[in-house]
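One point on numbering: in this note's numbering, the residue at position 108 of the sequence shown is 106, and numbering is uninterrupted.
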Amino acid sequence: MDPGPEVGDSTRASSSDTVPELSKGERREVEERTSISAVVVHETVREEGEHELSRPPSALAWSGLAAGLSMGFSLVAQGLLHAYLPRASWTPLIDNLGYSTGFLIVILGRQQLFTENTLTVILPLLAHPDWSTFWRVARLWAVVLAANLVGAFLFATIVAHTAVFPPQITRSFAEISLHSMQGSFGLTLLRGIFAGWLIALMVWLLPASQGTRLHIIILITYLVALGGFTHIIAGSVDVFYLLSTGTVSWLTYFIGFMLPTLIGNIIGGVSLV
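Written out as C-alpha cells, the structure reads:
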C-alpha cells in the first residue's frame, strides 16, 4: 500500500509554491528595502565618529563656526512665523516648525554640531577606552563647542545691531528668546537632558532613514522646540540675542542657561542612548 507523500515533503512543496521566484534585480530591490540591523547602524555611527576624531582641529573649527552661524536661522524662521501668525492657542504648533530650519542646514550640510558629536565620538571611545582616544574626544568637543558658540554669538550680534529685520520681527525674536531663559537650574538641566536624548536618537535613526532623512530631522527637532527642551547651541543664539540687546547679563547666561543646558545635553546624548 502506497503511504503517500510525507508531511514534510508536502509542506516544503506547499512553501515552494507560495514563495515567488525573483529576478536578480528584484532580489536586489528587496535587499535595499530591508531595514538594516542595529549592528550595522551602530557600526555606521562608530565609523562616522572615527572619521570626525581624525579631522584636524582647524577643519573642525571652521565647520563648527559654520554650524553656529547656521543655527541662527532657527531663530529667524521661528521669529518670522511668530510675527506673521495671529496670537492663538495653536500658534506654537506652527511657529515651532521654524526651529527645524537651522538643524536642517547643519545636518544636511554636514556641519559640525556639538550635540551630534556627544554620541558619535563616544562610540569610538567605548571601543578603544584609552587616554589617546579620550584626549581626541575632549579636543573635538572643546573645539566644536567653542566654534559653535562663536558662530551663534556672531549671528545674534549681527541680527541685534543691524536693521536687517524690521521692529515687528525683532520683537518676535525677543519674545522667543525669553522662553529659553525660563525655569530654574534644575528644570533647565532636565530639559537639556531631553533635548540631548532626542538629538542622539536622531543620530541613531538617520543611518537607517534612507529617503526619509528630511522627515526625521524635522520631526525630532520640532518635538524639541514644542516641548520647550533646551539645546546648547540653538538656545545660545536666543540668549546671545538678549545679551546683545542688554536684556540679560553674561552671568545670567552662564549660570542660568549655558551650564545646566550643557550638562543636560551631555547626559542625554551620552548616557540615555
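All C-beta atoms in this analysis are idealised placements derived from N, C-alpha and C, irrespective of residue type, glycine included. Since we're looking at a predicted model, the values are computed, not measured.
- Membership of Trp88 in any alpha helix (DSSP H) is not indicated, and neither H nor E is assigned to it by DSSP.
- Below 8 Å, too few C-beta pairs join the stretch 41 to 55 and the stretch 65 to 84 to call them touching: fewer than three.
- Judged by DSSP in its simplified three-state form, Val141 adopts helix.
- Put simply, of Ser178, Glu114, Leu147, Ser61 the residue whose alpha carbon is nearest the alpha carbon of Gly225 is Ser178.
- The alpha-carbon separation between Ile253 and Leu217 amounts to approximately 30 Å.
- Its Cα nearest to that of Tyr82, the residue Thr168 stands out among Pro258, Leu124, Thr168.
- With a beta-carbon spacing of about 15 Å, Gly149 and Ala57 fall beyond the 8 Å limit used to define contacts.
- Only residues of its own chain outside the window of five on either side were considered, and among them Phe238 have a CB closer than 7 Å to the CB of Phe151, listed in chain order.
- Within the model, the alpha-carbon separation for Thr113 versus Leu188 is close to 15 Å.
- In the three-state reduction of the DSSP assignment, Gly107 falls in the coil class.
- The C-beta separation of Leu260 from Ile230 comes to about 5 Å, placing the pair in contact by the 8 Å criterion.
- In terms of Cα proximity to Asn115, the closest of Leu91, Met200, Ala206, Leu257 is Met200.
- Your pair Gly194 and Gly262 checks out as a contact, with CB atoms roughly 6 Å apart and the cut at 8 Å.
- DSSP, reduced to helix, strand and coil, places Gly225 outside both helices and strands of the structure shown, so it counts as coil.
- Rounded to whole angstroms, Gly267 and Glu19 show a C-alpha spacing of 45 Å.
- Assignment of Ser61 by DSSP, reduced to helix, strand and coil, places it in the helix class.
- Pairing Thr219 with Ala172 gives a Cβ-Cβ distance that is not under 8 Å.
- Under the three-state reduction of DSSP output, Gly184 falls in the helix class.
- In the structure shown, the three-state DSSP call for Asp128 is coil.
- Ser175 places its beta carbon less than 8 Å from that of Leu240.
- Taken atom to atom, the span from the alpha-carbon of Thr186 to that of Leu204 is near 27 Å.
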